[in-house]
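Peer 1:
Protein chains: 2
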Amino acid sequence: MSANSRMTIAVHVLTWMALVRGRGREVVTSDQIAASVNTNPVVIRRSLADLRDAGVVVVRHGAGAGWSLAREAEAISLLDVYEAVRDGGPFALHRNEPNQACPVGRGIRPALSRVYDHAEEAVRRELARVSVADVLRDTLAA
Amino acid sequence: MSANSRMTIAVHVLTWMALVRGRGREVVTSDQIAASVNTNPVVIRRSLADLRDAGVVVVRHGAGAGWSLAREAEAISLLDVYEAVRDGGPFALHRNEPNQACPVGRGIRPALSRVYDHAEEAVRRELARVSVADVLRDTLAA
DNA sequence: CTGGGTGTAACAGCTACGGCTACATCCGTG
DNA sequence: CACGGATGTAGCCGTAGCTGTTACACCCAG
């Protein structure tokens, strides 16, 4: 449960891209994004690489290189982002295998997996209801 | 999102206590529990301390010391456990404050907090529907 | 008083992440 | 076809949190 911030970084990146896209700037660089997030451009590129693999952003190489959204901000849900930066979900099972001679040690991992799967599915349902455009609206309203 | 296993350990502990309680053993020691979880008794006592603070288990000192469930296993939900081992939820905001001169940097944290709160609330609803007795049943069925 | 068990501090090892440097690679543009 | 700005990625360091362990003070029924 000790959370990392990769999801937050990725959403920030997309929200910023949606903002400047509304101002006519279609292609942006990792340096420009890094200025808003206040971190190193390599961190941004790592995040963008995940999003590119998920088909959420597209990259252009060569002169005038940079990144742009693969589709409208309304069509990018936070579930898309969650899947893109995925790393195993909020819960983890035992680090060391429990005692297999004990009935609880033997059966608890599949039982817990079922519960954890349901909990994560609930998270996905919530994230699916929110788009990057929603986040941008809410961000600018504050 | 990089998960830790404290939730898993705590549920395992309670499930085991519910099992042996059904066999008539009311009071158990951290050593006995550690044998099922396959870890060090101090790890178990740390977990039990969280559960004790949450009112889920009670401790007896002195000779014949040990732990017992504070109430029926049916009346202990995984949400109770989640609250007991709580450490900040599945998502984290930026480690470094984003650029406050940027509209996105300024407004995204409250916007994201709202989304994350909804997602965590969904997790709680799922966990609230499952009791330690349910987990024990499911564990022994496998 | 005794002794078995709890309560907790302290430390080591491991893992993961964020931040950073360095450098190879790519490809419009002139 | 070379140039140059930006990507792609390996590699390293410092930090942080967790697990596992030792050590020892404290508690209290018998």
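First to last, the protein sequences are chains U and F. For the first sequence, the UniProt record's numbering begins at 1 and goes up steadily by one. For the second sequence, the UniProt record's numbering begins at 1 and goes up steadily by one. By construction, the Cβ of each residue, glycine as well, lies at the ideal position given by its N, Cα and C atoms.
#1: Say whether the segment 124-132 of chain F touches the segment 67-79 of chain F, bearing in mind that this needs 3 or more beta-carbon pairs closer than 8 Å, one atom from each stretch.
#2: Give the DSSP-derived three-state secondary structure of ARG95/U in the structure shown.
#3: Mind checking who TRP67/F pairs with in its DSSP beta bridge?
#4: Where does ASP50/U land, buried or exposed, given buried means 16+ other C-beta within 10 angstroms?
#5: Compute the distance between the beta-carbons of ALA122/U and ARG86/F, then report whether it is under 8 Å.
#6: Can you give me, in chain order, the residues of the segment 44-57 of chain U that have a beta carbon less than 9 Å from any beta carbon in chain F?
#7: Using 8 Å as the limit for Cβ to Cβ distance, is LEU69/F near chain U?
#8: For GLY55/F, which residues from the same chain have a beta carbon less than 8 Å from its beta carbon, with the 5 sequence-adjacent residues on both sides left out?
#9: Can you check whether the C-beta of PRO98/F is within less than 8 Å of a C-beta belonging to chain U?
#10: Using a threshold of 8 Å, state whether the C-beta atoms of SER36/U and ILE9/U are closer than that.
#11: In terms of DSSP beta bridges, what is SER131/U paired with?
#12: When you compare the CB of LEU79/U with every CB in chain F, is at least one pair closer than 8 Å?
#13: Using only the alpha-carbon positions, how far apart do PRO110/U and ALA65/F sit?
#14: Whole-angstrom Cβ separation of ARG45/U and SER68/U, contact assumed at under 8 Å?
#15: For THR15/F, report the span of its alpha helix (DSSP H) as first-last.
#16: Excluding the 5 residues preceding and the 5 following MET7/F in the sequence, name in chain order all residues of the same chain whose CB lies nearer than 7 Å to its CB.
#17: For a contact defined as C-beta to C-beta under 7 Å, what are the partners of GLY126/F on chain U?
#18: Give a yes or no on whether the C-beta atoms belonging to VAL104/F and THR15/U are separated by under 8 Å.
#19: Nearest CA to the CA of VAL62/U: which residue from ILE33/U, ARG137/U, VAL27/U and GLU120/U?
#20: Provide the residue span of the alpha helix (DSSP H) that contains ALA49/U, from first to last.
#21: Out of curiosity, what's the CA-to-CA distance linking VAL58/F and MET17/F?
#22: Output needed for residue 183/F: all residues of its chain with C-beta closer than 8 Å, excluding positions within five of it in sequence on either side, in chain order.
#23: My assumption, with CB atoms under 8 Å, is that SER113/U sits in contact with ALA92/F. Please give the rounded CB distance.
Peer 2: Reading it off the structure:
#1: The segment 124-132 of chain F, when compared against the segment 67-79 of chain F, does touch it at the 8 Å Cβ threshold.
#2: Coil at ARG95/U, not helix or strand.
#3: In DSSP, TRP67/F forms a bridge with VAL28/F and VAL59/F.
#4: With 16 or more other Cβ atoms within 10 Å, it is buried.
#5: ALA122/U places its beta carbon 8 Å or farther from that of ARG86/F.
#6: Answer in chain order: no residues at all.
#7: Not a single CB atom of chain U sits nearer than 8 Å to the CB of LEU69/F.
#8: Excluding residues within five positions, the ones whose Cβ falls inside 8 Å are ALA70.
#9: Taking 8 Å as the threshold, the shortest C-beta distance from PRO98/F to chain U falls below it.
#10: Against a cut-off of 8 Å, the Cβ pair of ILE9/U and SER36/U comes out as no contact.
#11: Under the DSSP definition of a beta bridge, SER131/U partners with SER77/U.
#12: No, its Cβ sits nowhere closer than 8 Å to a Cβ of chain F.
#13: Their backbone Cα atoms lie some 32 Å apart in a straight line.
#14: Between SER68/U and ARG45/U the Cβ distance is about 15 Å, and since that is not below 8 Å, they are no contact.
#15: Residue range 6-22 is occupied by the alpha helix (DSSP H) that includes THR15/F.
#16: Correct list, in chain order: VAL81, TYR82 and VAL85.
#17: The sequence shown places Glu at residue 126/F, not Gly. Result: HIS118, ALA119 and ALA122.
#18: A contact, by the Cβ cut-off of 8 Å.
#19: Just to set this straight, residue 62/U is Gly in the shown sequence, not Val. Per the Cα distances, VAL27/U.
#20: That run of the alpha helix (DSSP H) goes 41-53.
#21: Those two C-alpha atoms are separated by around 12 Å.
#22: Outside the displayed range of chain F (1 to 142) lies residue 183/F, so it cannot be described from this structure.
#23: For SER113/U against ALA92/F, the beta-carbon gap comes to about 24 Å, at or over 8 Å, which does not count as contact.
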